[in-house]
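**Student:** Questions regarding the structure given below will be posed in turn.
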Amino acid sequence: HQQQPPSQQQQQQQPSPVPAPAMPGHSENIKGADPHNHNLSDDRALAKTFGVSPQIMQDLKLQPHASDREDIAIGSGGLISGRDRDVVEGAAPREPDKWVHVRSSAGAALWLPKDRAMADRIVGVYFERLNYHRPVFLKHEFGLALDSLYRGDAAQSDPGFVCSAYLVLALGTLSELSHRACGLDRQAREKQEPSPAAMNAVRKLMPPDWPEHEEFFHRALAVKPELRVTVSSLQALILLHWYLYTERQGRTLWRLVGSLVRLGIELGLNHDPTTQQIFSEHECRLRIRLWGIVLMHDRGTSIQLGRPLAIAPNDSSTPQPAPLKTSASDVSEHFLYSAPIAEIQADIIQSLYSPQALTADQIQRHATRILKSMVEFRNRMPDRYKWYFSGTEDWPIERKYRLVQEISEDEGLTLLKIGITRILLLRALFSSKDLHYPQRRRALIDAIIISHNIIVVHHQLIRFPDIAFFVSPIPLHIAAMVILYGHMSRCEALSKQVALEDVWMALDMLPSFRWRWERKDNNGGHPLIARLAEKVLEVNLRQAGPTAQPVLIPEINWDIE
């Protein structure tokens, strides 16, 4: 690798112009789908964006797994995999003795878990661990509706709620499985024994008369064709997106997210409900939260894929979600911070990822405005957050270790959102051929430092059993690639040893994003990053490993004031 500016190296390392055989429905093989290389959502997109040499890629088979492409099928209301085409609503379950057959006064037939006490427990698990971070439902309303469903009341034969109830039970069951599997892992570590958390062992931890999470999911798919233009149908689609995402977290589910936005608009969620005098306080709260979730998915998906927003910020008057004023909040800090972060992401997409050509002056003005808005947002956060960004240069090493070790789930999820947003802003700067080299180099140095911090925060978060519901390995892929790209560009923001340890941590963590009971040798691996790291860093990753506990590095101050 020669010492060159990033732009020269990028030009010299473009992939071969001979196209690979196209895979149906995969956007990287669609002519003209991403002419500006904004997509960072998977292996081949990363390779194209960062100009990875064809010599490095030639032995890698970067064909995505079929299930990674799950989404709404073109020309159909179903899923690409076809899993929802062979299920029949009301059909008897595989093990009927685990279910109770309920027929409503309207004649609808439903199968619900027979163990009502366990059903209530799993619903409680969902609200305590999952709905807290992504409030799709108000707990008291869901509980009343589920009671009504078990009684067979005609009013609760609403397909949207029925589909949602099955998906809540599926997600709650997954969470309980994950916690029990973590318990097995913890006991094995204490006894210094191999982990027994294989799939069969973990499933035996659940009551023998409790259905598996896939059964709840398939019953939800059977109801999905009956969904209407209702709030409950939007809730069901949000939960469907969540389940599909947690099946394999690398998915973007682009078209499904688009459906969420369109249905939300059709329901009028983009209009402020508090000014219309037709909604109760509970309805206003729910509509505001649901619209916040929809925008979070739209902005997050769009910025990773480098595609336009499904709805512009000016086309919505709905306020951002706020905590309850009268009692302890029933939503997490992470959820409340997601809305202003999504607003910044929307600004990045519209300003810097637009198909329109930008001059160097326009890029600099947009970037300065967005960086200023990020600084203002961080200044509004509680004081404890400031140490995660800067001010720790003179701290003793033990205090730096404790700072990382004490990151909570709430704080970590928020830090990841802020970090990946800033990286995707800086990427638009250091990859621009119109900016001067010193500006691009400074942006790349900043991006490398934030990439390091993202990997450190990720490493801390994998100890939480429910983390697979809320994080994706995509930011890890991007962070590792930015570090390697900086090393190739002779941008020495990190020492070679720290860069090596970061990439090793990223690759070592990827399998941990899968469920605890799955095999971890093949799930979540990333051959592109591993191969590139060994070439660039001239090491054998199998012999690498961390030499010290990771610490956060203070970020660059851009002197925006």
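Note that the sequence shown covers residues 1 to 561 in UniProt numbering.
Yeah, the Cβ is synthetic: ideal placement off N, Cα and C, and Gly gets one too.
Computed from a predicted model, the values in this text were never measured in an experiment.
Drop a sphere of 10 angstroms on the beta-carbon of Ser495, count the other beta-carbons inside from all chains shown, and report buried for 16 or more, exposed for fewer.
**Tutor:** Taking the first residue of the sequence shown as position 1, residue 495 is located at position 495. By the neighbour-count rule (16 or more Cβ atoms within 10 Å), Ser495 is not buried but exposed.
**Student:** Could you name the residues that DSSP lists as bridge partners for His101?
**Tutor:** For the purposes of this step, residue 101 is taken as the residue at position 101 of the sequence shown. In the DSSP output, where bridge partners are listed per residue, His101 has Trp111.
**Student:** Using a Cβ-Cβ cutoff of less than 6 Å, which residues in the same chain neighbour Arg378 once the five nearest sequence positions on both sides are dropped?
**Tutor:** Start at 1 with the first residue of the sequence shown, and residue 378 comes out as number 378. Excluding sequence neighbours, Arg378 sits near nothing in its chain.
**Student:** Mind checking who Leu435 pairs with in its DSSP beta bridge?
**Tutor:** Within the sequence shown, residue 435 is the residue found at index 435, counting from 1. BP columns for Leu435 are empty, so no partner.
**Student:** In its own chain, which residues sit with a C-beta less than 7 Å from the C-beta of Glu555, not counting the 5 before and 5 after it?
**Tutor:** Taking the sequence shown and counting its residues from 1, one reaches residue 555 at position 555. Only Phe389, Ser390, Asp446, Ile449 and Ile450 meet the Cβ criterion.
**Student:** Along the alpha helix (DSSP H) that carries Trp504, what are the first and last residues, could you check?
**Tutor:** The residue you call residue 504 lines up with position 504 of the sequence shown. Run containing Trp504: Lys496 to Met509, per the alpha helix (DSSP H) assignment.
**Student:** Could you tell me the boundaries of the alpha helix (DSSP H) in which Gln364 lies?
**Tutor:** The residue you call residue 364 lines up with position 364 of the sequence shown. Residues Ala360 to Asn379.
**Student:** Measuring CB atoms only, is the segment 417–432 touching the segment 365–375, in the sense that at least three cross pairs come out at less than 8 Å?
**Tutor:** yes
**Student:** If you reduce the DSSP assignment to three classes, tell me which class Leu267 lands in.
**Tutor:** Taking the sequence shown and counting its residues from 1, the one referred to as residue 267 is at position 267. When DSSP states are grouped into helix, strand and coil, Leu267 belongs to the coil group.
**Student:** From the DSSP output, in three-state form, read off Ala22 for me.
**Tutor:** Here the question's residue 22 lines up with position 22 in the sequence shown. In this prediction, Ala22 scores a pLDDT of 38, lower than 50, which makes its location untrustworthy; no coordinate-derived value is stated.
**Student:** Classify Leu94 as buried or exposed, calling it buried when 16 or more other Cβ atoms lie within 10 Å of its own Cβ.
**Tutor:** As a position in the sequence shown, residue 94 is number 94, starting the count at 1. In the sequence as presented, Leu is not what sits at residue 94; that position holds Arg. Arg94 comes out exposed.
**Student:** Identify, in the order they occur along the chain, each residue of the same chain with its Cβ nearer than 6 Å to the Cβ of Asn39, setting aside the five sequence neighbours on each side.
**Tutor:** The residue given as residue 39 occupies position 39 in the sequence shown. Here the set comprises Ala45, Leu305 and Gly306.
**Student:** For Ile80 and Leu237, what's the separation of their Cα atoms in angstroms?
**Tutor:** As a working mapping, residue 80 is identified with position 80 in the sequence shown. As a working mapping, residue 237 is identified with position 237 in the sequence shown. Whole-angstrom Cα-Cα distance: 16 Å.
**Student:** Thinking just about the alpha-carbon of each residue, which of Asp466, Glu226, Asp383 and Leu149 is nearest to the one in Lys114?
**Tutor:** Taking the sequence shown and counting its residues from 1, the one referred to as residue 114 is at position 114. Here the closest residue by C-alpha is Leu149.
**Student:** State the Cα-Cα distance for the pair Trp558 and Val375, rounded to the nearest angstrom.
**Tutor:** Looking up residue 558 in the sequence shown gives position 558. Looking up residue 375 in the sequence shown gives position 375. Computed Cα separation, rounded: 10 Å.
**Student:** Skipping 5 residues on each side, what residues in its chain have a beta carbon closer than 6 Å to that of Gln320?
**Tutor:** In the sequence shown, residue 320 corresponds to position 320, counting from 1. Hits under 6 Å: Ala339.
**Student:** Quick one: what does DSSP say Leu426 is sitting in, helix, strand or coil?
**Tutor:** Here residue 426 refers to the residue found at position 426 of the sequence shown. The three-state reading of DSSP puts Leu426 in helix, counting H, G and I together.
**Student:** Can you tell which of Val102, Ser329 and Ala181 has its C-alpha closest to the C-alpha of Gly152?
**Tutor:** As a first step, residue 152 is located in the sequence shown; it is residue number 152 there, counting from the start. Taking only the C-alpha atoms, the option nearest Gly152 is Val102.
**Student:** Work out the CA separation of Gln549 and Ala360 for me, nearest whole Å.
**Tutor:** As a working mapping, residue 360 is identified with position 360 in the sequence shown. As a working mapping, residue 549 is identified with position 549 in the sequence shown. Straight-line Cα distance between these residues: approximately 40 Å.
**Student:** Which of helix, strand or coil does DSSP assign to Leu174?
**Tutor:** Residue 174 sits at position 174 when you count from the first residue of the sequence shown. If DSSP states are grouped into helix, strand and coil, Leu174 belongs with the helices.
**Student:** Measure the CB-CB distance between Ile474 and Ala506 and report whether it falls below 8 Å.
**Tutor:** Locating residue 474 in the sequence shown gives position 474, where the first residue counts as 1. Locating residue 506 in the sequence shown gives position 506, where the first residue counts as 1. No, the Cβ-Cβ distance between Ile474 and Ala506 is not below 8 Å.
**Student:** Taking the alpha carbon of Leu358 as the point to measure from, which residue in Asp86, Asp434, Asn453 and Val136 has its own alpha carbon closest?
**Tutor:** Position 358 of the sequence shown, counted from the first residue, corresponds to residue 358. Cα-wise, what sits closest to Leu358 is Asp434.
**Student:** Could you please give the first and the last residue of the uninterrupted alpha helix (DSSP H) stretch that includes Leu336?
**Tutor:** Sequence index remark: in the sequence shown, residue 336 carries index 336 (1-based). It spans Glu333 to Leu352 - the alpha helix (DSSP H) in which Leu336 sits, taken as one unbroken run.
**Student:** In chain order, what residues of the same chain have a beta carbon less than 8 Å from the beta carbon of Val123, not counting five sequence neighbours either side?
**Tutor:** Along the sequence shown, read from residue 1 onward, the residue named residue 123 stands at position 123. Taken in chain order, the residues that qualify are Phe142, Gly143, Leu146, Val168, Leu169 and Gly172.
**Student:** Under 6 Å Cβ to Cβ from Asp209, same chain only, skipping five residues before and after it: list those, please.
**Tutor:** Counted from its first residue, the sequence shown places residue 209 at position 209. Excluding sequence neighbours, Asp209 sits near Lys98 and Asp115.
**Student:** Which two residues bound the contiguous alpha helix (DSSP H) that contains Val482?
**Tutor:** For the purposes of this step, residue 482 is taken as residue 482 along the sequence shown, with counting starting at 1. It spans Ile474 to Met488 - the alpha helix (DSSP H) in which Val482 sits, taken as one unbroken run.
**Student:** Between Leu263, Ala480 and Gln356, which has its C-alpha nearest Ser233's C-alpha?
**Tutor:** For the purposes of this step, residue 233 is taken as the residue at position 233 of the sequence shown. That would be Leu263, whose Cα lies nearest to the Cα of Ser233.
**Student:** Taking Cβ positions only, does Tyr437 come closer than 8 Å to chain D?
**Tutor:** The structure shown contains no chain D, having only a single protein chain.
**Student:** Leaving out the 5 sequence neighbours to the left and right, which residues in its chain are closer than 8 Å to Thr421 when beta-carbon positions are compared?
**Tutor:** Within the sequence shown, residue 421 is the residue found at index 421, counting from 1. Cβ neighbours of Thr421 beyond the five flanking positions: Ile303, Ile341, Ile344, Gln345, Ile348 and Met374.
**Student:** Where does the unbroken alpha helix (DSSP H) through His241 begin, and where does it stop?
**Tutor:** Locating residue 241 in the sequence shown gives position 241, counting from the first residue. Where His241 is concerned, the enclosing alpha helix (DSSP H) stretches over Val231 to Glu247.
**Student:** Kindly identify the DSSP beta-bridge partner or partners of Ile72.
**Tutor:** Position 72 of the sequence shown, counting from 1, holds the residue named residue 72. Ile72 is bridged to Leu79.
**Student:** Leaving out the 5 sequence neighbours to the left and right, which residues in its chain are closer than 7 Å to Leu267 when beta-carbon positions are compared?
**Tutor:** In the sequence shown, the residue the question calls residue 267 occupies position 267. Here the set comprises Val229, Val231 and Leu234.
**Student:** Between which two residues does the alpha helix (DSSP H) holding Glu393 run?
**Tutor:** As a working mapping, residue 393 is identified with position 393 in the sequence shown. Note, Glu393: premise wrong, no alpha helix (DSSP H); not H, not E.
**Student:** At which residues does the alpha helix (DSSP H) containing residue 609 begin and terminate?
**Tutor:** Nothing about residue 609 can be read from this structure; the chain reaches only from 1 to 561.
**Student:** What number of angstroms, rounded off, separates the C-alpha of Ser41 from the C-alpha of Trp395?
**Tutor:** The residue labelled residue 41 in the question sits at position 41 within the sequence shown. The residue labelled residue 395 in the question sits at position 395 within the sequence shown. Distance between the alpha carbons of Ser41 and Trp395: 36 Å.
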